[in-house]
Amino acid sequence: GENVEQHPSTLSVQEGDSAVIKCTYSDSASNYFPWYKQELGKRPQLIIDIRSNVGEKKDQRIAVTLNKTAKHFSLHITETQPEDSAVYFCAASSGGTSYGKLTFGQGTILTVHP
Amino acid sequence: SAVISQKPSRDICQRGTSLTIQCQVDSQVTMMFWYRQQPGQSLTLIATANQGSEATYESGFVIDKFPISRPNLTFSTLTVSNMSPEDSSIYLCSVGLGDEQFFGPGTRLTVL
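If you want it as structure tokens, here you go:
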């Protein structure tokens with residue numbers, strides 16, 4: 461089955477700096493890669509996603525890049541703000557009989573210091 | 573997206589008992605999923621619950637321990653049976669809308 465590795469496990473930045481979180485996946489059939497933000501005590505919220513036919517996607521201060529050859533994808537947050545502090549999870553999903561099944565990375569605790 | 577609710581939001585249970593968690597969606601969806609999130613950990617898929625078919629369980633999860641119902645396109649239940657303290661976790665349902673998946677608020681279960 462799919463295996464998703466996420467790094468780093470914790471990330472501390474100053475407000476205004478950029479933050480980058482990286483994930484690798486094992487199943488070359490995976491074709492959908494979402495990122496979730498989970499604040500303490502809250503549900504995971506989908507913040508951005510990318511599909512395998514796209515190399516990069518941007519939404520305001522967040523962007524995701526995908527390298528299918530290397531089987532890795534990354535989340536980039538620019539101009540970080542204290543409200544960006546949360547746990548971020550990457551995930552991967554493939555089609556076929558596994559359609560819709562998400563395999564999650566271990567999570568990254570992001571702390572943005574004012 | 574979709575509006576997803578879960579009941580109960582939290583519970584404290586005694587070992588050996590069972591708890592049924594309900595998940596309600598405000599629109600009809602084909603794909604629903606149940607996840608477990610142990611304290612400080614990531615999310616692990618328990619099973620896929622599609623209406624009209626038996627739930628499909630992931631490795632390490634069995635129907636006798638986590639029976640699931642999916643009576644219609646807006647509702648599902650997950651039962652945690654014969655609970656032990658190791659079952660203390662947050663249980664989340666999610667719904668699939670195309671590729672995207674949206675989560676319910678979760679049920680925080682503590683087993684004493």
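Residue numbers (my numbering), protein chains in the order written: chain A, 461 to 574; chain B, 573 to 684.
Note that beta-carbon positions come from the ideal geometry of N, C-alpha and C, so glycine has one too.
Predicted, not measured: the structure shown is a model, and the values here were computed from it.
Apart from the five residues on each side of it in sequence, which residues of its chain come closer than 7 Å, Cβ to Cβ, to A/Thr538?
Hits under 7 Å: Ser478 and Arg521.
Considering only the alpha carbon of each residue, which of B/Ser614, B/Thr649, B/Gln673 and B/Arg582 lies closest to B/Gln623?
For the set B/Ser614, B/Thr649, B/Gln673 and B/Arg582, the Cα lying nearest the Cα of B/Gln623 is the one of B/Thr649.
Where are the beta strand (DSSP E) runs, 3 residues long or more, that stay fully inside the region 603-628 of chain B, in chain order?
The qualifying runs are 603-609 and 615-622.
I want to verify the contact list: residues of chain A whose CB lies under 8 Å from the CB of B/Gly678, in sequence order.
Per Cβ cutoff of 8 Å: Arg503.
Identity of the residue in A/Pro504, A/Phe564, A/Gln474 and A/Ile569 nearest A/Glu462 by Cα
Ranking A/Pro504, A/Phe564, A/Gln474 and A/Ile569 by Cα distance to A/Glu462 puts A/Phe564 first.
Cutoff 7 Å: B/Gln673 Cβ touching any chain A Cβ
It does: the Cβ of B/Gln673 has a partner Cβ on chain A nearer than 7 Å.
May I ask you to report which of helix, strand or coil DSSP gives B/Pro580?
DSSP places B/Pro580 in coil when its eight states are reduced to three.
Contact check, B/Thr646 vs B/Val575, beta carbons under 7 Å:
B/Val575 sits away from B/Thr646, with the two beta carbons spaced by 7 Å or more.
With 7 Å as the threshold, decide whether the Cβ of B/Ser648 is near any Cβ in chain A.
So no, B/Ser648 is outside the interface.
Inter-residue CB distance, A/Gln498 and A/Val464 (contact presumed, cutoff 8 Å)
Here A/Gln498 is actually not in contact with A/Val464; their C-beta atoms are around 16 Å apart, not less than 8 Å.
Can you check DSSP and say which residues form a bridge with A/Ala601?
Because residue 601 of chain A is not part of the residues shown, which for chain A are 461 to 574, the question remains open.
Pairs of beta-carbons, one from the region 632-641 of chain B and one from the region 574-588 of chain B, closer than 8 Å: are there three or more?
They do not touch, by the three-pair rule.
So, does the region 649-664 of chain B touch the region 605-612 of chain B, judging by three or more C-beta pairs under 8 Å?
Yes, the region 649-664 of chain B touches the region 605-612 of chain B.
Just to confirm before moving on: does the CB-CB distance between A/Ile510 and A/Leu526 stay below 7 Å?
A distance below 7 Å separates the beta carbons of A/Ile510 and A/Leu526.
C-alpha gap between B/Met604 and A/Gln505, whole angstroms
In a straight line, the C-alpha of B/Met604 is about 16 Å away from that of A/Gln505.
For chain A, is any of its Cβ atoms less than 7 Å away from the one on B/Gly624?
Answer no: the Cβ-Cβ gap between B/Gly624 and chain A never drops below 7 Å.
Is it buried or exposed for A/Leu562, if we count other Cβ within 10 angstroms and need 16 for buried?
A/Leu562 sits buried, since 16 or more C-beta atoms from the chains shown fall within 10 Å of its C-beta.
Distance CB(A/Leu471)-CB(A/Leu535) smaller than 7 Å
In this structure, the beta-carbon distance from A/Leu471 to A/Leu535 does not fall below 7 Å.
Leaving out five residues before and five after A/Val572 in sequence, what residues of the same chain have Cβ atoms less than 7 Å from its Cβ?
The residues Val473, Glu475, Thr540, Gln541, Pro542, Asp544 and Ser545, in chain order, have a CB closer than 7 Å to that of A/Val572 in the same chain once the five nearest residues on each side in sequence are set aside.
Helix, strand or coil at A/Glu499 according to DSSP, with G and I counted as helix
Coil.
Could you check whether the Cβ of B/Met603 sits closer than 7 Å to any Cβ belonging to chain A?
Closer than 7 Å: yes.
Quick one, which of B/Ile618, B/Ala621 and B/Leu681 has its alpha-carbon nearest B/Ser656's?
Cα-wise, what sits closest to B/Ser656 is B/Leu681.
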